[in-house]
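Here's the structure we're looking at; comments come further down.
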Amino acid sequence: MIQLLYDSIENLNEKLATPVDLSMANRVDAGHFDGSAEAFRHWDAEGKVPNACVKCHTADGLPQFIAEGVNISMMPSNGLRCETCHNDLSTFSLYQVETVTFPSGAKLGFENSPNDNLCLNCHQGRESTVSVNRAIAGLEPDTPSDKLTFRNVHYFAAGATLFGSEAQGVYQYAGKEYAGKFEHIPNYQACSDCHDAHKLTVEEGACRACHQVEDVTQIRLEDPKVDYDGDGDVNEGIKGEIDTLAEILYQAIRTYAKDVAGSPIAYSPTAYPYFFVDTNEDGVASPDEAIFPNRYVSWTPRLLQAAYNYQYVQKDPGGYVHNGKYILQVLYDSIVDLSSKVQVNTANLKRP
Numbered sequence: 001m002i003q004l005l006y007d008s009i010e011n012l013n014e015k016l017a018t019p020v021d022l023s024m025a026n027r028v029d030a031g032h033f034d035g036s037a038e039a040f041r042h043w044d045a046e047g048k049v050p051n052a053c054v055k056c057h058t059a060d061g062l063p064q065f066i067a068e069g070v071n072i073s074m075m076p077s078n079g080l081r082c083e084t085c086h087n088d089l090s091t092f093s094l095y096q097v098e099t100v101t102f103p104s105g106a107k108l109g110f111e112n113s114p115n116d117n118l119c120l121n122c123h124q125g126r127e128s129t130v131s132v133n134r135a136i137a138g139l140e141p142d143t144p145s146d147k148l149t150f151r152n153v154h155y156f157a158a159g160a161t162l163f164g165s166e167a168q169g170v171y172q173y174a175g176k177e178y179a180g181k182f183e184h185i186p187n188y189q190a191c192s193d194c195h196d197a198h199k200l201t202v203e204e205g206a207c208r209a210c211h212q213v214e215d216v217t218q219i220r221l222e223d224p225k226v227d228y229d230g231d232g233d234v235n236e237g238i239k240g241e242i243d244t245l246a247e248i249l250y251q252a253i254r255t256y257a258k259d260v261a262g263s264p265i266a267y268s269p270t271a272y273p274y275f276f277v278d279t280n281e282d283g284v285a286s287p288d289e290a291i292f293p294n295r296y297v298s299w300t301p302r303l304l305q306a307a308y309n310y311q312y313v314q315k316d317p318g319g320y321v322h323n324g325k326y327i328l329q330v331l332y333d334s335i336v337d338l339s340s341k342v343q344v345n346t347a348n349l350k351r352p
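Residue numbers for the sequence shown follow UniProt numbering, beginning at 1 and rising by one.
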C-alpha cells in the first residue's frame, strides 16, 4: 500500500504547480526488509526458494539453519522479519552462534560480539580459495577447459573480507602471504559497530572524526604514504588505490582472454554470469552481449582465478573499509600473475 500511495503522489506531482515534497518519504523499507527487492522476489515465478538460497533470502531460513544446520526449500517471503534475527520479541534477544562456517571450511566468529555472528551467516560469500582450487585441479593453467565455468562469490561478502586470510574468501595465490582479520580500534571491530542492521546505514561520524576527512572514501592506511596503484597520487584514499588497481586488472583480464584464451571478454556487474564474449571487443558488455547464451566459456585456470578476484572486489564495495590491505594484496597478485603471460606494466605497482 505504501508503494502504491508513493507512486500515486509521484505521478500527481508531474501536474501539480506545487508538488508534494517526497524528499523525506520512503517508497520501500530498508534493505533487509525491502520485500519488493530482487533478493526476495527472484523466485516468485517458481513459487519456491531453493534450499541453497533459503538461509539468506527468506524470513524463516536463518532460524531454521541455526536450529537444524540445514535448510529446505521455502515459499518466498516479503523480506526479512524481526523473527529472522530475534528469538524473543518480548526482550528482542538475538539468536546466538559462537562461530559460523565459511565456504572455505573455516569456522570463525566475533569472540567479543556474538550478536554480529548472525551477519556472518549471510555476508560470507559462496566461494573461496578452496572451491576455486577444487575447480581447477589437474588442469593446465593456460589452456581453456570445458570443465570450467565462472565461480561467482555472490554479493556483499563483507564478513569474508574482514576476516581476510582466515576466511580465504578471495582467491589467494600459492606462496603469497595475506592479511588476516582486520583489527580496527576498540568498539569498531564488528558489523554493528559501524552498520545499523535495520536502516542499513553506515555510522560515518566516528570515521570522519578520527581520520579527519569529510569523505570516508578518502581514508588511507596508517602506514607512510604509498602509491599502491602507481598513478602518482599518494593523497587519494585507499578506495581510489583499489579502484585503479581493479581497472588495471580488468584490462589485464581482457588482454589475457583475447591473446591466451583466444576469446575476447567483457564484464557486466548486473547480468548473470557476469562475464561474456566481447563480440565487438570494446570492453563493454552491451545489452545484446550480456545474455546467458553469450556467456564466456573459454576459461583457463589462470583467467578464472583473476576474474574471480575481480568480481569479488566489485561485489564488496566496502572492501576498502572492511580490509583494504587484503583487497590491495589480492588485486596486485592477480595482476602480476596475468603479467607472466601477457604484457602488463607492473613497474610502479606496490604490494602492501
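All residues carry an ideal CB built from backbone N, CA and C; glycine is no exception.
query: Please classify T143: does DSSP put it in a helix, a strand, or coil?; result: coil
query: Relative to the C-alpha of K350, which residue among V330, V49 and Q343 is closest?; result: V330
query: In three-state terms, what does DSSP make of L108?; result: strand
query: I think L118 touches C85, with their Cβ atoms under 8 angstroms apart; what is that distance to the nearest whole Å?; result: 5 angstroms
query: With distances taken between CB atoms, is the gap from G164 to G175 smaller than 8 angstroms?; result: no
query: Express the C-alpha separation of F110 and G159 in angstroms, rounding to a whole number.; result: 10 angstroms
query: With a threshold of 16 other CB atoms inside 10 Å of the CB of M24, please say whether the residue is buried or exposed.; result: exposed
query: Can you grab the Cα-Cα spacing for the pair G138 / R302, in whole Å?; result: 13 angstroms
query: Closest to D337 by CA distance: which of S268, I248, F275 and P287 is it?; result: I248
query: Going by C-alpha distance, which of G105, D146 and D193 is nearest A167?; result: G105
query: Would you check if there are 3 or more beta carbon pairs closer than 8 angstroms linking the segment 193-203 to the segment 300-314?; result: no
query: So what does DSSP say about A307, is it helix, strand or coil?; result: helix
query: Note the first and the last residue of the continuous beta strand (DSSP E) segment covering A190.; result: Per DSSP, A190 belongs to no beta strand (DSSP E) and is neither H nor E.
query: Please identify the residue among N11, A261 and E241 whose C-alpha is closest to the C-alpha of N297.; result: Residue identity check: residue 297 is Val in the sequence provided, not Asn. Measuring from the Cα of V297, the nearest candidate turns out to be A261.
query: Since F276 sits in a beta bridge, which residues does DSSP pair it with?; result: A266 and R295
query: For V100, name the three-state secondary structure that DSSP assigns.; result: strand
query: Buried or exposed, going by whether 16 or more other CB atoms sit within 10 Å of the CB of G205?; result: exposed
query: For E236, count neighbouring Cβ atoms within 10 angstroms of its own Cβ and tell me buried if that reaches 16, exposed if not.; result: buried
query: Between the C-alpha atoms of Y171 and S131, what's the straight-line distance to the nearest angstrom?; result: 9 angstroms
query: Taking W299 as the reference, which of P293, F150 and A266 has the closest Cα?; result: F150
query: Give the range of the beta strand (DSSP E) segment to which H195 is assigned.; result: Element bounds for H195: n/a, residue is neither H nor E.
query: Measure the C-alpha to C-alpha separation of K225 and N294 and round it to an integer number of angstroms.; result: 43 angstroms
query: If I follow the unbroken beta strand (DSSP E) through H86, where does it start and stop?; result: H86 to D88
query: State yes or no: is the C-beta of A285 within less than 8 angstroms of the C-beta of F292?; result: no
query: Please return the same chain residues whose Cβ sits closer than 6 angstroms to the Cβ of H322, not counting the five positions on each side in sequence.; result: A158, T161 and L162
query: Whose C-beta lies closer than 6 angstroms to the C-beta of Q218 among residues of the same chain, with five residues either side of it excluded?; result: G237
query: Tell me where the alpha helix (DSSP H) around N11 begins and ends.; result: I2 to N13
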